[in-house]
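Novice: In this note's numbering, the protein residues as written are 68 to 138.
Even for Gly, the Cβ is constructed at its ideal location relative to N, Cα and C.
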């Protein structure tokens, strides 16, 4: 199962994660490191659909809903 992402001017999943990390003062690179993701992998989520398991890990780490990440 994969999470669909929006295109055409809509906020994309990486943009949402980046904004939430900024609010929480957590560098995206630290998020990736602590979750065991390769460096720069979340940045690619605007063009590649991440698996729902990875999105859930990010949501849990940031203490937000999956819906907040993908909407």
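Indicate the three-state DSSP secondary structure (helix, strand or coil) for residue 118 in the structure shown.
Specialist: Taking the chain shown and counting its residues from 1, one reaches residue 118 at position 51. It is a strand residue.
Novice: Given this structure, state the Cα-to-Cα distance separating residue 133 from residue 84, to the nearest angstrom.
Specialist: To locate residue 133, count along the chain shown from 1; it is residue 66. To locate residue 84, count along the chain shown from 1; it is residue 17. Straight-line Cα distance between these residues: approximately 10 angstroms.
Novice: Within a Cβ cutoff of 8 angstroms, which residues of the same chain sit near residue 82, ignoring the five residues on either side of it in sequence?
Specialist: As a working note, residue 82 is residue 15 in the chain shown. Excluding sequence neighbours, residue 82 sits near 113.
Novice: Along the chain, where does the alpha helix (DSSP H) containing residue 132 start, and where does it finish?
Specialist: On the chain shown, residue 132 is found 65 positions in, with the first residue counted as 1. From DSSP, residue 132 is part of no alpha helix (DSSP H); its letter is neither H nor E.
Novice: Give the straight-line distance between the Cα atoms of residue 150 and residue 80, rounded to the nearest whole angstrom.
Specialist: Nothing about residue 150 can be read from this structure; the chain reaches only from 68 to 138.
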